[in-house]
Each structure stands twice: as structure tokens, then as C-alpha cells.
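Engineer: Okay, so the sequence shown: first residue is 22 according to our numbering, each after it adds one. All C-beta atoms, glycine included, are put in the ideal place defined by N, C-alpha and C.
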Amino acid sequence: MASVNKVILIGNLGKDPEVRHLEGGVAVARFPLATSETFKDKSGQRQEKTEWHNIVLWRGLAEVAEKYLKKGQSVFIEGKIRTSQYQDKEGNQRYSTEIVADNMTMLTRGEGGQTEGGSSFGNATSTAGTFSGGAAPTAAGVAQDNEPDDLPF
Numbered sequence: 022m023a024s025v026n027k028v029i030l031i032g033n034l035g036k037d038p039e040v041r042h043l044e045g046g047v048a049v050a051r052f053p054l055a056t057s058e059t060f061k062d063k064s065g066q067r068q069e070k071t072e073w074h075n076i077v078l079w080r081g082l083a084e085v086a087e088k089y090l091k092k093g094q095s096v097f098i099e100g101k102i103r104t105s106q107y108q109d110k111e112g113n114q115r116y117s118t119e120i121v122a123d124n125m126t127m128l129t130r131g132e133g134g135q136t137e138g139g140s141s142f143g144n145a146t147s148t149a150g151t152f153s154g155g156a157a158p159t160a161a162g163v164a165q166d167n168e169p170d171d172l173p174f
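Spelled out as C-alpha cells, the structure:
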């Protein structure tokens with residue numbers, strides 16, 4: 022039987038990405054992403070629930086995150102869920118669940134301003150402003166995406 026491991030999230034960064042460069046120059050970025058939902062409880066009071074997700078970006082996506090992402094910004098993330106297990110210092114079995122991103126779209130511009138289309142980074146290669154997960158954006162690609170559009174919405 023076929024199976025699918027696909028995660029789609031839109032949320033806000035809980036802190037600036039932490040980027041490390043492994044042997045061979047491979048970059049990996051990690052940051053927490055908050056997604057929130059609101060609902061009314063039994064008494065009719067409005068409640069908000071925030072879920073935190075550990076996001077991992079590799080190679081070119083990690084370099085883009087290092088350069089452009091900041092705490093509080095909104096991003097659209099597509100990827101897969103990965104759970105790993107390890108033993109802590111006391112020998113207890115622990116589990117860690119992360120979202121390994123394949124694609125990322127920045128939804129917030131600069132100082133908290135919103136952008137309609139966002140800037141996409143990931144595996145798609147046909148759209149302006151979209152880059153391969155293994156390559157960082159060119160200056161022309163980023164500048165082109167910062168142009169204001171003439172759309173009425």
C-alpha cells in the first residue's frame with residue numbers, strides 16, 4: 022500500500038534560525054515555528070491554542086533562512102515529518118519530532134510588512150523567486166520579487 026508523508030504549515034518563527042555548517046560546507050538551519058488556532062470553548066469564551074513545530078532546512082534553503090528569516094516572520098513550509106529517538110544523559114529513551122522542509126515561502130517582508138505572493142524557495146524551478154533546495158537565490162531573483170505588483174488585491 023502506498024503512503025504519504027507530507028506536512029504543510031503556515032506560521033511565525035519563534036526565534037532566528039540557528040545555522041550550522043557541517044563537514045563539506047553543507048548548511049543546516051533549525052528554528053521553531055508557531056501555528057495557532059482559535060476556537061470557542063463550552064462557555065463561549067474565545068480560546069487560542071498554539072502548536073510549536075521544529076523546522077529543519079538543508080543546504081540552499083538553510084542559507085536562505087540564515088540570510089532572510091528573522092524571529093516573528095511568517096513562512097509557508099512544505100516538507101515531511103521525521104521522528105528520531107535518542108538516549109539522554111540519564112539513559113532515558115527520548116523522541117524528537119521535526120519537520121524537514123522541502124519548500125519554503127517567506128510571507129513577511131523586511132520590517133513586518135506583508136507581501137501578497139511571498140518569496141518561494143524550494144524544489145520548484147518554474148516561477149520567478151523560486152529556487153532549488155540546493156541553491157541560494159541570486160541577487161536578481163530576490164530583487165525581482167521585491168518589486169511592488171500592480172494587482173488590486
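I need the straight-line Cα distance from residue 79 to residue 44, nearest angstrom please.
Structural biologist: 13 Å
Engineer: To the nearest whole angstrom, what separates the beta carbons of residue 127 and residue 98, a pair I think is in contact under 8 Å?
Structural biologist: No, residue 127 and residue 98 are not in contact; Cβ-Cβ is about 10 Å, not under 8 Å.
Engineer: Do the CB positions of residue 33 and residue 101 come within less than 8 Å of each other?
Structural biologist: no
Engineer: Anyone know if the C-beta pair for residue 110 and residue 37 falls short of 8 Å?
Structural biologist: no
Engineer: When burial is assigned at 16 or more other CB atoms within 10 Å of the CB, is residue 69 buried or exposed?
Structural biologist: Exposed, since its Cβ has fewer than 16 Cβ neighbours within 10 Å.
Engineer: Classify residue 45 as helix, strand or coil using the three-state DSSP reduction.
Structural biologist: Helix.
Engineer: Assuming residue 35 and residue 52 make a contact with CB atoms under 8 Å, what is their CB distance in whole Å?
Structural biologist: 7 Å
Engineer: Run through the segment 40–100 for me and flag every whole beta strand (DSSP E) of 3 or more residues, listed as ranges in chain order.
Structural biologist: Secondary structure within the segment 40–100: the beta strand (DSSP E) runs of 3 or more consecutive residues, fully enclosed, are 48–61 and 67–79 (chain order).
Engineer: Beta-carbon separation of residue 30 and residue 71 under 8 Å?
Structural biologist: With respect to the 8 Å criterion, residue 30 and residue 71 are not classified as neighbours on the basis of their beta carbons.
Engineer: Leaving out the 5 sequence neighbours to the left and right, which residues in its chain are closer than 6 Å to residue 119 when beta-carbon positions are compared?
Structural biologist: 75, 77 and 103
Engineer: So, for residue 89: in the same chain, excluding its five sequence neighbours on each side, which residues have a beta-carbon less than 7 Å away from its beta-carbon?
Structural biologist: 127
Engineer: Mark residue 23 as exposed unless 16 or more other C-beta atoms lie within 10 angstroms of its C-beta, in which case mark it buried.
Structural biologist: exposed
Engineer: Would the beta-carbon of residue 94 fall within 8 Å of that of residue 129?
Structural biologist: yes
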